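Numbering of the sequence shown is given in this note's numbering, commencing with residue -1 and proceeding in unit increments. C-beta: ideal position from N, C-alpha, C; glycine also. Bear in mind that the values here come from a model prediction, so they are computed numbers and not experimental data.
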Amino acid sequence: FKSASQDSSARQQAYDEIAYQTGCSRASDSFECLRTMDVNKLQEAHVATYKLPPDAVAFANFPTAYGPVTISSDDFLPRSTTTMIQSGQYANIPIISGSNLDEGTWFAAATSVFLDLFKFLNSNRPGLAIGISPLVSAGMCALYPNVPSAGSPYNTGSETFGRSKNYKWAAAVVGDYLFTAPRRQFIRAAASRGQNVWSYMFSQPTAGAPPEYGISHTSELSYVFGGLPSNATQGSKDVSDKMMQYWINFATTLDPR
């Protein structure tokens, strides 16, 4: 998750809403009240956060309304996660870090907000706290050609699956911004400091998966946990067996090989 500053309006609005939804806003100490709240009520309050205000409803409830906030006096997260990664202020342990080929398709398909990709990237609301400046977002998007054959889901030619031509462009931009770029930044920083790092890009198709999503967010989970559908190809089963072997090896020896 992207860390936010202590004075983040999106984080404060999310906190105020969950306190209101749980009744803790009336308590003398809302934070202590929330700490004792039933987990089911907290979950209901989390969902309700996306309902106010109506124009701030997050796409498919991603990303979460709650996330890390930097506090200079805090031992855990005194500075932004990006700054701490660049300066090596994190645990020096072996890492497996990967992403899927078409991470952005779920997000691009879930809402009409992608008719204006810049509105999405500039947003700073609960559940949609991206907060890139208009200048930066415009420069970033200009690097991506709005040509269906170059967009995500990749390797699908000019097919747009009945959606706007902007769909594949937006999916490419968001997939890189939310997943691929942060992963690469982190593993490069870790590797430069001598950490053992294993990285992957998952690109195995799954039988029966909607073609407009490609190799989408969470596609690898059924492979890692051995939950492939009954009509899975032998190739998919082989990939799943290998991935489970890697993960088990890593969990027991900190080395997937």
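Please report the distance separating the alpha-carbon of residue i from that of residue j.
| i | j | result |
| --- | --- | --- |
| residue 222 | residue 151 | 22 Å |
| residue 173 | residue 193 | 26 Å |
| residue 72 | residue 189 | 27 Å |
| residue 22 | residue 163 | 46 Å |
| residue 34 | residue 17 | 12 Å |
| residue 156 | residue 99 | 17 Å |
| residue 120 | residue 244 | 39 Å |
| residue 209 | residue 230 | 15 Å |
| residue 46 | residue 251 | 42 Å |
| residue 180 | residue 83 | 10 Å |
| residue 118 | residue 128 | 7 Å |
| residue 212 | residue 81 | 33 Å |
| residue 182 | residue 70 | 26 Å |
| residue 239 | residue 97 | 18 Å |
| residue 92 | residue 185 | 10 Å |
| residue 235 | residue 147 | 29 Å |
| residue 220 | residue 141 | 33 Å |
| residue 29 | residue 78 | 23 Å |
| residue 43 | residue 14 | 11 Å |
| residue 31 | residue 217 | 38 Å |
| residue 25 | residue 226 | 48 Å |
| residue 145 | residue 27 | 53 Å |
| residue 161 | residue 246 | 40 Å |
| residue 228 | residue 207 | 13 Å |
Counting only the same chain and skipping the five closest in sequence on each side, list residues whose C-beta sits under 8 Å from that of residue i.
| i | result |
| --- | --- |
| residue 86 | 187, 191 |
| residue 116 | 132, 135, 136, 139 |
| residue 176 | 61, 101, 102, 105 |
Find the nearest neighbour of residue i within the set the options, judged by alpha-carbon distance.
| i | options | result |
| --- | --- | --- |
| residue 12 | 27, 40, 24 | 40 |
| residue 165 | 114, 233, 176, 189 | 114 |
| residue 159 | 217, 107, 203, 179 | 107 |
| residue 89 | 74, 101, 98 | 74 |
| residue 37 | 19, 83, 180 | 19 |
| residue 101 | 232, 184, 169, 246 | 169 |
| residue 237 | 198, 92, 211 | 198 |
| residue 232 | 27, 201, 205 | 205 |
| residue 153 | 201, 31, 24, 226 | 201 |
Ends of the beta strand (DSSP E) at residue i?
| i | result |
| --- | --- |
| residue 93 | 93 to 98 |
In chain order, what residues of the same chain have a beta carbon less than 7 Å from the beta carbon of residue i, not counting five sequence neighbours either side?
| i | result |
| --- | --- |
| residue 94 | 196, 248, 254 |
| residue 242 | 222, 224 |
| residue 130 | 119, 120 |
| residue 149 | 166, 167, 169, 170 |
| residue 203 | 213 |
From what residue to what residue does the alpha helix (DSSP H) around residue i run?
| i | result |
| --- | --- |
| residue 156 | Here residue 156 belongs to no alpha helix (DSSP H), and DSSP marks it neither H nor E. |
| residue 195 | From DSSP, residue 195 is part of no alpha helix (DSSP H) but of the beta strand (DSSP E) over 195 to 200. |
| residue 139 | 132 to 139 |
| residue 7 | 7 to 20 |
| residue 252 | No alpha helix (DSSP H) holds residue 252; DSSP gives it neither H nor E. |
| residue 39 | 37 to 46 |
| residue 34 | It is not in any alpha helix (DSSP H) - residue 34 carries neither H nor E in the DSSP assignment. |
| residue 84 | 79 to 84 |
| residue 75 | Here residue 75 belongs to no alpha helix (DSSP H), and DSSP marks it neither H nor E. |
| residue 148 | Taken as a continuous stretch (DSSP letters only), residue 148 belongs to no alpha helix (DSSP H), as it is neither H nor E. |
Starting from the C-beta of residue i, find all residues in its chain whose C-beta is less than 6 Å away, skip the five residues before and the five after it, and write them out in chain order.
| i | result |
| --- | --- |
| residue 214 | 100, 103, 104 |
| residue 178 | 97 |
TODO: Jot down the residue ranges of each uninterrupted beta strand (DSSP E) in the stretch 169 to 233, minimum 3 residues, whole runs only, in chain order.
DONE: 195 to 200
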